[in-house]
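Trainee: Numbering (the working numbering), first residue to last: 273 to 843.
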Amino acid sequence: MKVILTAINAKYIHSNLAVYCLRAYAKPYREEITIAEYTINQQTDDILMDLYKQKPDLLCFSCYIWNIEYVESILREIKKLFPALPVWLGGPEVSYDAQDVLKRFPQVTGVIKGEGEETFLELMDYYHGKKDDLSQIDGITWRSGETITDNPWRPVMDLSKVPFVYNHMEDFQHRIIYYESSRGCPFSCSYCLSSIDKCLRFRDLSLVKKELQFFIDHKVPQVKFVDRTFNCNRTHAMAIWRYLKEHDNGVTNFHFEVAADLLNEEELQLISGMRPGLIQLEIGVQSTNPETIREIHRTMDFKKVAGIVKKINEGHNIHQHLDLIAGLPYEDLQSFASSFNDVYKVRPEQLQLGFLKVLKGSHMEKKKHEYGLVFKDTPPYEVLYTKWLPYEDMMTLKSIENMVEIYYNSRQFANTMEYLEHEFSSPFHMYQCLGNFYEDKGYHKMNHSRIASYEILEEFICRYAGNESLPLYRELLTYDLYLRENIKNRPSFSGEYTVNKDELYDLYDNILPKNRELSAYANKNLRKMSHIEKFQFDVAGDGSRKETLLLFDYQKRDPLNRQAYVVRIWR
């Protein structure tokens, strides 16, 4: 029997952990099961043709908000090619309205609801004649002729029974590795489907350590834990973090989604001693409006979160990614601006401005009329407006989101943007004005090179900053530019190269060799990997009027922001 588990991922570097878990759990049928992974960037015709060539006897699709439209398109055509082919769907996008899915798509035989390992194994038993009837399988909604039957949901399983899926790392070359050490979530956030499954359970720590060591031994670049709130069990989290610190291979990065306000002093002390880049933390703030936090059933003390994020920042060894969600109840533009400024103030490496997705089956969907919540009919069901936030304000936030991605999250303009804040009443106002500037100039309709983004920012600065401060801003832009790249063609705002050839030779041949810290840079082989620039302002310090000579070392880069190591040259 030829069984295909189909995953359509958002990007090529992604992999679908769910289908690999299904195949691994259905061990008796392992050799019959093929995983077919595609991306949403491929033509559906190409996917359809590839599936046709494989001639499946049973076809299954893993369904999420980012791929459901692609799956539906393929469903409409695949049964024309294989009229008798059983087709099954699974995943969060079909689990909570399974009967409606079957009514909409007569091509579908059934839906696996919720976690699917045990259900899929029993489904395989059925198609091999070991079960007489689909009514004997919990966790499915299925059709027989015109009749749709909704079987009971299956009780949650012991997570330690799910086999490890990464034994053959060659199957995951150039892919992000996803790993699960717990399922479920202790919280009840109304916008999230994890709140429906209250049964939080953990994988046995002895298994987890063994599997993490496998990743470490294979020097996997990045492992993303998909645990909804990794540190909700302190003992579990500490054991894993200790193990990673003690067995660090100097290469692998581990990503965790955490509740920052649950971190205690012991945990903070442990992670403060980790190699820069060993772990990174994603922290869902969503809003700092107390009324909003209460309404979405979220537990979060932002004052405590801010203190912890700042404390972690002091160690300069942990990448922190903080999230906000626009479109939540009781949050208007002014309230969201306050949330934005609160989060911006703690200076995370990334600030993700996201927009509410009204997921099927979530508490948020049930309250849509009360909230005046209007959202798109098509996935990912993103909010259009609420009774607090009209569509015009939502467009403003979309513009700000784009500016934050370019000028903050890229980390390419960090020093310029930090100084530029002084020209505006708040960071939110700065990005709002920047977004308006892009639209006024029509820049929002174009794709721009990195250098062009610097030039546009200089043009924006010229509009809002006084003439007396423009020389400093141009030097800050030049400083930020050289922090990331040893450019050969200087943009106009940088002017002529500030160190002439004679001075440069003197620095490399006479000045640097006499300085113990800088002598290594005198090596002719290293010169191509460095750059020396003279600044009239102390751009690497307080921006005061003070001539400064800086050397940028591109062999030594900051593991968090990829900026060059900078050395001040004293003469």
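Glycine is no exception: its CB is placed at the ideal position from the N, C-alpha and C atoms.
Classify isoleucine 285: buried if its beta carbon has 16 or more other beta carbons within 10 angstroms, exposed otherwise.
Mentor: Classification for isoleucine 285: exposed.
Trainee: Please report how far the alpha carbon of serine 345 lies from the alpha carbon of tyrosine 769, in whole angstroms.
Mentor: If you take the alpha carbons of serine 345 and tyrosine 769, they lie about 56 Å apart.
Trainee: How many Å lie between glycine 411 and alanine 724 at the Cα?
Mentor: Roughly 54 Å separates the two Cα atoms.
Trainee: I'd like to know if the segment 609-619 and the segment 694-709 are in contact, where contact means that at least 3 CB-CB pairs between them fall below 8 Å.
Mentor: These segments touch.
Trainee: Please go through the same chain and pick out, in chain order, the residues whose beta-carbon is closer than 8 Å to the beta-carbon of glutamate 727, but skip the five residues on each side of it.
Mentor: Once the five neighbours on either side are set aside, the close Cβ partners of glutamate 727 are Pro763, Ser764 and Phe765.
Trainee: In the DSSP assignment, find the unbroken beta strand (DSSP E) run with glutamate 422 in it and report its ends.
Mentor: Reading off the sequence, residue 422 comes out as aspartate, not glutamate. Here the beta strand (DSSP E) through aspartate 422 covers 419-422.
Trainee: How do the segment 581-596 and the segment 635-649 stand: do at least 3 beta-carbon pairs fall below 8 Å, yes or no?
Mentor: Cβ pair count under 8 Å is below three, so no.
Trainee: Is it right to say proline 601 is buried, meaning 16 or more other beta carbons lie within 10 angstroms of its own, or is it exposed?
Mentor: Classification of proline 601: buried, given that the 10 Å Cβ count is 16 or more.
Trainee: What separation, rounded to the nearest whole angstrom, lies between the Cα atoms of lysine 818 and phenylalanine 486?
Mentor: Looking at the two C-alpha atoms, the distance is approximately 52 Å.
Trainee: Serine 848: which of Ile280, Glu740 and Ser682 sits nearest, CA to CA?
Mentor: In the structure displayed, the chain extends from 273 to 843; residue 848 sits before or after that span and is not available.
Trainee: Measure from the alpha carbon of histidine 508 to the alpha carbon of each residue in Leu535, Val523, Leu755 and His519, then state which is nearest.
Mentor: Ranking Leu535, Val523, Leu755 and His519 by Cα distance to histidine 508 puts Leu535 first.
Trainee: Give me whichever residues DSSP pairs with histidine 519 in a beta bridge.
Mentor: According to DSSP, which records beta bridges pairwise, histidine 519 is partnered with nothing at all.
Trainee: Going by beta carbon distance, what residues of the same chain come within less than 8 Å of arginine 514, once the five residues before and after it are set aside?
Mentor: Taken in chain order, the residues that qualify are Leu542.
Trainee: Would you call tryptophan 842 buried or exposed, if buried means 16 or more other Cβ atoms sit within 10 Å of its Cβ?
Mentor: Flag for tryptophan 842 reads exposed.
Trainee: Could you check which residue in Pro493, Asp443 and Asn503 has the C-alpha nearest to that of cysteine 457?
Mentor: Looking at the Cα atoms, Asn503 is the closest of the given residues.
Trainee: What span of residues does the beta strand (DSSP E) with glutamine 827 cover, start to end?
Mentor: Looking at the DSSP string, the run of the beta strand (DSSP E) that includes glutamine 827 is 817-829.
Trainee: Using beta-carbon positions only, say whether phenylalanine 459 and arginine 570 come within less than 8 Å of one another.
Mentor: Yes, the Cβ-Cβ distance between phenylalanine 459 and arginine 570 is below 8 Å.
Trainee: Write down every uninterrupted run of the beta strand (DSSP E) in the segment 344-423 whose length is 3 residues or greater and which is fully enclosed by it, in chain order.
Mentor: Qualifying beta strand (DSSP E) stretches, in chain order: 359-362, 382-384, 412-416 and 419-422.
Trainee: Taking buried to mean at least 16 other C-beta atoms within 10 Å of its own C-beta, is serine 454 buried or exposed?
Mentor: Looking at its Cβ environment, which holds 16 or more other Cβ atoms inside 10 Å, serine 454 is buried.
Trainee: Could you check the C-alpha separation between glutamine 835 and histidine 803 for me, to the nearest Å?
Mentor: Looking at the two C-alpha atoms, the distance is approximately 13 Å.
Trainee: Expressed to the nearest angstrom, what Euclidean distance is found between the alpha-carbon atoms of isoleucine 319 and glutamate 309?
Mentor: Their backbone Cα atoms lie some 9 Å apart in a straight line.
Trainee: Determine whether the beta carbon atoms of threonine 306 and asparagine 281 lie at a separation below 8 Å.
Mentor: Their beta carbons are not under 8 Å apart, which means threonine 306 does not touch asparagine 281 by this criterion.
Trainee: From the DSSP output, read off the bridge partner residues of arginine 624.
Mentor: According to the sequence provided, residue 624 is glutamine. The question's arginine does not apply to it. Glutamine 624 pairs with Asp595.
Trainee: Where does serine 478 sit, in a helix, a strand or coil, going by DSSP?
Mentor: Helix, per DSSP.
Trainee: Out of Val618, Ile759 and Gln379, point me to the one whose CA is closest to tyrosine 826's CA.
Mentor: Nearest option by C-alpha distance: Ile759.
Trainee: So, valine 275 versus aspartate 322, is the Cβ gap smaller than 8 Å?
Mentor: Their beta carbons are not under 8 Å apart, which means valine 275 does not touch aspartate 322 by this criterion.
Trainee: Between Arg415, Tyr368 and Cys464, which lies nearest to leucine 374 when the distance is taken from Cα to Cα?
Mentor: The option with the nearest alpha carbon to leucine 374 is Arg415.
Trainee: Could you check what DSSP says for isoleucine 584 in three-state terms: helix, strand or coil?
Mentor: Helix.
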